[in-house]
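Protein chains in written order, with my numbering: chain A, 144 to 474; chain B, 144 to 474.
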């Protein structure tokens, strides 16, 4: 069974994907896989993954064989499935939708021990350009409304395999947080006539207190209401609703500021686990182009969400973003 | 510094509480405290906590001395502070509020090795009656708009001390999830003329597929759009907006169904860590009495939230709630 279900009280869709687990989980996820365990993402083990949908390869090398720097493969245990009609069904007070979507894994390097941020800027650019390319494919599928690119680095950040990788899930609904951002930024635009992200970026660059770093095209900043200690957003300075419309130059500047940010965090906090998430406009909704502004959110994992966060949707952050930004600027 | 800050894009308040950490966290929270470490919650160590605000004591015993079965003490590192005026300030596009509120710890037993659900129903009732009593105190404070009772059981669920305890945070804003539930249930009432929770409970009791257990006054059910595997909601069958108005009989029935639910989960899943959260109407808002319905949400911690959940506000659940409920019914 793979389907999306809507909570009848709050507008929250959940993916119910029974095939992901061969059987119900019975205990907390096992600790990180031992060094000597077989890794399906390593060079020479290409046959252990589903066939690649895209790869950056040495000239003349063959698909699903060695000779690559980056591979994109379908997730072996996908949360959503690519085939089938998108059907929406109602059963009394409950809404559901067929579990249509794509779930892909981006293997960022053939080297098991290489972390993404330690790769050259060229390779990090390659990753983000590949994400752009996949988004441009997904947006042509009329069943798909948005895609989420994300990276879980380290076991405590949710990575089940330690070999550096990230993921894309393309979905038939607009995700909850994106929906809230779209609504909030639309309201702001109606009231102030401008993009709230552009206004934040301009104000923050002027005051400087929450700026971590800048380059010509991007800013890295600690958001005013940071949920997590050392949370950092990476945003293009120029108004841009859709990540997948980024130029090569913009992607390269993103790769540079990402590498710089992770370097600062690693130096200051001893290479913590982290989550990285892309927030970008939904597909086929040109009406949000005036008020939405894509960005990436980077969150070191230093604690864990518990009852208060899950129960109240409320966060307690013990490091004021001004202090976090100052420490990261100096790192 | 203790203040609440509002995200200028989405309506999300965050507590920035720099005093909670003596210094910035630098690594992932340390593993659970060793058995032989001093425990401030044990009998005879009463002087290690701030003075108790309430306790269930043997007749004749003195405050902050042995002879108790349950103690309520202020959190030693409170996220919010009880003193001071509630001020709301605006600075350009940013809103903030003084960090006024209460943060209390409920020490559920003097015995270091006793888990809450293993206590007799009388003691579990005592805990919930104490929560009711604290809520009735907090609601008299005009600065406070809602309170969150929650329990983190086990290190992976966010507990920093292993001695059984729970917490209450009383806040000057309505928490985000509660706000969403209020809005959603209000919309439902306007459309259908009834309480969405009452309708869910009635439908679920009739079909039975997602029912875990029942007693005269309460139902334990796996919600249709469960975010987490084996997520279970405990709800009064009779429409009741405010937990703190519960009768003694209702609280006892809650204690019974809670103990029963944890017993089933422990048997089926090997005593996993869990989070327990109370969802109840905000204080001083009688207008929500018709559409809001208090309940508790119980979530075993079997995995961890990662980029997709934080990035998209989206959950993937690999155990359909019908299967979860069936397995728990049979446990």
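We put the beta carbon where it would ideally sit given N, CA and C, even for glycine.
- Residue pairing by DSSP places residue 470(B) opposite no residue, since no beta bridge is assigned to it.
- Sequence-distant partners of residue 196(B) (beyond 5 residues in either direction) whose C-beta falls short of 7 Å from its own C-beta, in its chain, are 215, 216, 217, 247.
- Residues of the segment 364-383 of chain B with a C-beta atom less than 9 Å from some C-beta of chain A are 366, 367, 368, 369, 370, 371, 372, 373, listed in chain order.
- Burial is judged here by how many other beta carbons sit within 10 angstroms of a residue's own beta carbon; residue 322(A) has at least 16 and is buried.
- If you draw a 10 Å sphere on the C-beta of residue 291(B), you find 16 or more other C-beta atoms in it, and that means buried.
- Neighbours of residue 237(B) in chain A, taken as residues at a C-beta separation under 7 Å, are given in chain order as 367.
- Around the Cβ of residue 369(B), a 10 Å sphere holds 16 or more other Cβ atoms; the residue is buried.
- The way I'd put it, the segment 271-281 of chain B does touch the segment 379-387 of chain B; three or more beta-carbon pairs between them come closer than 8 Å.
- In the three-state reduction of the DSSP assignment, residue 161(B) falls in the helix class, which pools H, G and I.
- Contact with chain B is absent for residue 385(A), since none of that chain's Cβ atoms lies less than 8 Å from the residue's Cβ.
- Not flagged as an interface residue toward chain B: residue 425(A), since no C-beta distance is shorter than 8 Å.
- Sequence-distant partners of residue 227(A) (beyond 5 residues in either direction) whose C-beta falls short of 8 Å from its own C-beta, in its chain, are 241, 243.
- In chain order, 474 place their CB closer than 6 Å to the CB of residue 410(A), counting only its own chain and leaving out the 5 sequence neighbours on each side.
- Taking a 10 Å sphere around the C-beta of residue 150(A), we find 16 or more other C-beta atoms and assign the residue as buried.
- Only those residues of the segment 306-334 of chain B whose C-beta falls short of 9 Å from the nearest C-beta of chain A are listed: 309, 310, 312, 314, 316, 318, 319, 320, 321, 322, 323, 324, 326, 327, 328, 331.
- Residue-level contact check: residue 217(B) does not touch chain A, since none of the beta carbons of chain A fall below 8 Å from its beta carbon.
- Nearest in C-alpha terms to residue 253(B), of all of 433(B), 199(B), 383(B), is 199(B).
- In the DSSP assignment, residue 333(A) falls within the alpha helix (DSSP H) that extends over 319-335.
- DSSP, read as helix, strand or coil, puts residue 286(B) in coil.
- In this structure residue 415(A) is in contact with residue 445(A), their Cβ atoms being roughly 6 Å apart against a cut-off of 8 Å.
- The C-alpha of residue 231(B) is placed about 30 Å away from the C-alpha of residue 155(A).
- The beta carbon of residue 144(B) sits closer than 8 Å to some beta carbon of chain A.
- Closer than 8 Å to the CB of residue 221(B) there is not a single CB belonging to chain A.
- Looking at the DSSP output, residue 146(A) shares a beta bridge with 159(A), 241(A).
- In the three-state reduction of the DSSP assignment, residue 363(A) falls in the strand class.
- For residue 417(A), there is no enclosing alpha helix (DSSP H); the enclosing beta strand (DSSP E) has its first and last residue at 417-422.
- Residue pairing from DSSP leaves residue 202(A) without any beta-bridge partner.
- Listed along chain B, the residues sitting closer than 8 Å to residue 161(A) by beta-carbon distance are 461, 462, 463, 466.
- Between the beta-carbon of residue 319(A) and that of residue 457(B) there is about 6 Å, and that keeps the pair under the 8 Å contact cut.
- For residue 346(B), the C-beta contacts it makes with chain A under 9 Å involve 235, 236, 237, in order along the chain.
- Comparing alpha-carbon positions, the option among 469(B), 219(B), 157(B), 434(B) lying closest to residue 332(B) turns out to be 434(B).
- Residue 364(A) places its beta carbon 8 Å or farther from that of residue 404(A).
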